[in-house]
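Residue 323 in the UniProt record's numbering sits at position 314 of the sequence shown, and the numbers go up by one each step. Note that the Cβ used here is the ideal one computed from N, Cα and C, for glycine as well. As the structure is a prediction and not an experimental result, all values here were calculated from the model. Reading through the structure tokens given below for one structure.
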Amino acid sequence: RMRLAVLTSGGDSAGMNAAVRAVVKAGIVKGWETYVVREGYEGLVRGNSVKISQHSPTKSVTTVPKSVQHNALVHNLRFGDGELLRSGEGDAAERSGGKNLKGRYIIRVGWDDVRGWMGEGGTLIGTARSAAFRTPEGRLTAAHNLIKEGIDALCVCGGDGSLTGADVFRAEWPSLVDQLRTKGEITEAQATAYAHLKIVGLVGSIDNDMCMTDMTIGAPTALQRICEAIDNINSTASSHSRAFVVEVMGRHCGWLALVAGVSAGADFIFIPERPPLGDPWEDEMCDAIGLHRKEGKRKTIVIVAEGAHDAALKPIKAEYIKTVLTERLGLDTRVTQLGHVQRGGRPCAWDRILPTLQGVEAIKALMESTPETPSYMIGINQNKVIRVSLQEAVKMTKAVTTAIEARDWDKAMSLRDPEFAE
Ligand code: ADP
């Protein structure tokens, strides 16, 4: 029987729980044993230092027949074959990080363990930035831990960093298995049985910064939070006839700033992929905003991505924009940095639909994975869930940053959106 583990990694995003839920449930339906890895790659490196027999005496239920799955849905039956439900008394969040899970990072989960996860914000199984996984030694330990638990398929939900890590892990896997075999850490039989690691990526990122997919898990909710925040700002802005400079997240990607700007009817937007090209840009901004004011607009909204810069790559900060608007246009200007408010809260409908459909596709991709097939990233293109090469998507995403650094704005824009070039 195949054993599948799912983890969330890098920056948290709304919809990650829905992704874990979908992967676990779709895996169970296919007859797999399902696991979650707590705390991202860090959990993979730490593994399980406490044995399950010490941890919990409850027997593990194995297969869940189709009829039972159906009944469970219809009659709300409980049949937990996992460890999360057994590990504590509290709610899902408490259970997933429960005190009884100390020393255990790779956790068996069943149908009931992920019940109700669809609408929960953040990631209940935890996420981390793992320095250890960036090292070959860390990845060797991670491979050993997976093999020890008998896991041969891995689903990673995270941003471009996490998916780069997944790509590195997959490329290195044969050599890792070989090293473990040579060191006598695993048997010859294990080396043969685990010669191929099936790996798939789901993109969880609030920034919508991954190439080769139209939308990342968490971006729609973040956009929703920004819109709500700007609605609130709008009331006071028009009452007092003020200007607001709103800083939103996005270090290398201006998607949130751009579409929030469209949603909010912003007067001016700063994104990293294409800075204002007016020379100086301050004139360009003041001309636009001055015109809007002349036309009778009572409020001004400027949106700036945190990674925004001018054409010479000098950072453009919200406070500086405020100074320009105050001094040149005489506007009563305030700065609002939305910060982590954007990340949080319940996923919107789209951040439940997207991870659910993509989670099911991830399972299909793993089922069909062979040493010859590429590792896939699950994306969405023109409303269809698609598979793309993980390696290519990672490469193309990196190319955007390179294009920005080379100040090749057309290239940066067309890598983000191929239609831009046309
Ligand atoms: P995000 O996935 O949100 O972009 P990070 O860039 O912090 O977040 O990446 C998350 C984790 O993925 C890192 O802490 C690290 O453990 C792993 N990772 C990122 N890049 C690599 C890499 N080149 N090699 C191995 N692991 C990596």
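A direct Cα-Cα distance of roughly 17 Å separates Lys323 from Asp292. Nearest Cα to Lys157 within the set Gly170, Glu194, Val123: Glu194. Minimum Cα-Cα distance from Arg113 among the listed residues Val123, Pro145, Gly131, Tyr44 corresponds to Tyr44. Of the residues His205, Ser171, Gly168, the one whose Cα lies closest to the Cα of Leu185 is His205. Only residues of its own chain outside the window of five on either side were considered, and among them Gly112 have a CB closer than 7 Å to the CB of Ser58, listed in chain order. Thr173 sits in a helix when the DSSP states are folded into three classes.
Going by C-alpha positions, Ala27 is about 26 Å away from Ala152. Per the Cβ contact rule, the stretch 121 to 136 is in contact with the stretch 17 to 35 (3 or more Cβ pairs under 8 Å). The C-alpha of Leu163 is placed about 20 Å away from the C-alpha of Ala140.
Across the set Glu129, Glu315, Gly259, the C-alpha of Glu129 shows the shortest separation from the C-alpha of Asp360.
Under the three-state reduction of DSSP, Pro284 is assigned to coil, being neither helix nor strand. For Val397, the uninterrupted beta strand (DSSP E) segment begins and ends at 393 to 398. Thr345: member of the beta strand (DSSP E) spanning 342 to 346, first to last residue. When DSSP states are grouped into helix, strand and coil, Cys295 belongs to the helix group. Cα atoms of Asp240 and Ala374: separation of roughly 41 Å, rounded to the nearest angstrom. The beta carbons of Thr150 and Gly56 sit closer together than 9 Å. Boundaries of the alpha helix (DSSP H) around Glu328: 327 to 338. By the neighbour-count definition (other C-beta atoms within 10 Å, threshold 16), Gly368 is a buried residue. When distances are taken from the beta-carbon of Gly20 to the heavy atoms of the ligand ADP, the shortest one is below 8 Å.
Relative to the ligand ADP, the beta carbon of Ala137 is positioned inside 8 Å of a heavy atom. Linking Pro281 to Arg352 through their CA atoms gives a straight-line distance of about 20 Å. Three or more Cβ pairs closer than 8 Å define a contact, and the stretch 332 to 343 falls short of that threshold against the stretch 263 to 283. Counting only residues of its own chain and dropping the five nearest sequence neighbours on each side, Val268 has a CB closer than 7 Å to the CB of Leu232. Annotated three-state conformation of Met386 is strand, per DSSP. For Leu211, the shortest C-beta to heavy atom distance toward the ligand ADP is 8 Å or greater.
Closest option to Lys404, judged by alpha-carbon separation, among Glu146, Asp169, Gly52, Val29: Asp169.
DSSP places Thr379 outside both helix and strand once states are collapsed to three, so it counts as coil. Around the CB of Arg179, 16 or more other CB atoms lie within 10 Å, so the residue is classed as buried. Nearest in C-alpha terms to Val32, of all of Glu51, Gly52, Gly119, is Gly119. Taking a cut-off of 8 Å for Cβ pairs, the stretch 238 to 253 and the stretch 199 to 213 do not touch, as fewer than three such pairs fall below it. In the three-state reduction of the DSSP assignment, Asn241 falls in the helix class, which pools H, G and I. The beta carbon of Val397 sits closer than 6 Å to the beta carbons of Met221, Met386, Gly388 from its chain, once the five residues preceding and following it are set aside; these are given in chain order.
Annotation for Ser423: no beta strand (DSSP E) segment contains it, though the alpha helix (DSSP H) segment containing it runs 418 to 425. Inter-residue distance for Leu363 and Gln188 is about 39 Å (C-alpha atoms, whole angstroms). Counting the other Cβ atoms within 10 Å of the Cβ of Ala175 gives 16 or more, which makes it buried.
Rounded to whole angstroms, the gap between the alpha carbons of Gly299 and Cys166 is 45 Å.
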